[in-house]
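Residue 401 in the working numbering sits at position 87 of the sequence shown; the count goes up by one each step and never skips. We treat Cβ as the ideally placed atom computed from N, Cα and C, and that holds for glycine. Notes for the one structure printed next.
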Amino acid sequence: MKNFTAKNVDVDGLIIGVATDETGADWYKSQKNFVKDTLKIVFNSDGVIVSMSHDVSALWPAGNSVAEIAAADEPDGVDINGGWIFDGKKIKERVYSSAELVAQAEIKRDSLMAIATATIAPLQDAVDIGDATEAELVNLKEWKKYRVALSRLDLPTAPDITWPKSPQS
């Protein structure tokens, strides 16, 4: 079942969500057509698996498509974290494009920078008010070195990035 659209419908004063696929088939009425012991997957227009369950009634396919896979064909480790795709026949590990790898690296770098900045702030405050201990001064310098190293990463080389070690490591 492909390309579900969803809308809210007023049924005797109750607003309910209704999803239909590109052929007009109703999601709720179609659930009886799925085999009980298969893995049902919801995937987006790029084939990325965004939801899955052995219980078809646990899924909501709005904006996506649905397929089912025999239990024997279910790969070990499959999840809904964006690393798996459905190619129309089987589930495969996702191969990320260069742009996607760079975007992932940017997200990771930005997250690590935020942690470093949050750690640096109170240490710098202690320095600014003249109340920093020797240990805090050493810690501050290490965190600042780490943050500079993060800022100098060559992200377009993702996934081949040597990430600096956090001072907590």
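{"Item": "Taking the C-alpha atoms as reference points, what is the distance between I475 and E456?", "Value": "20 Å"}
{"Item": "Under three-state DSSP, which class holds I355?", "Value": "strand"}
{"Item": "Among F318, L437, Q438 and S412, which residue has its Cα nearest to the Cα of L469?", "Value": "S412"}
{"Item": "Can you find a CB in chain C that lies within less than 7 Å of the CB of D369?", "Value": "The chain labelled as chain C is not found in the depicted structure, where only one protein chain is given."}
{"Item": "Can you find the residues in the same chain that come closer than 7 Å, C-beta to C-beta, to Q438, ignoring five residues on each side of it along the sequence?", "Value": "L454"}
{"Item": "Alpha carbons only, please: which of G397, S465 and V349 is nearest the one belonging to F357?", "Value": "G397"}
{"Item": "Do L426 and L265 count as a contact pair if the criterion is CB distance below 7 Å?", "Value": "It is not possible to answer for residue 265, since the shown part of the chain is limited to 315 through 483."}
{"Item": "Taking D390 as part of the beta strand (DSSP E), name the residues at either end of that continuous run.", "Value": "It is not in any beta strand (DSSP E) - D390 carries neither H nor E in the DSSP assignment."}
{"Item": "Where Y480 and Y460 are concerned, what is the direct C-alpha to C-alpha distance, given to the nearest angstrom?", "Value": "Checking the displayed sequence, the identity of residue 480 turns out to be Ser instead of Tyr. In a straight line, the C-alpha of S480 is about 6 Å away from that of Y460."}
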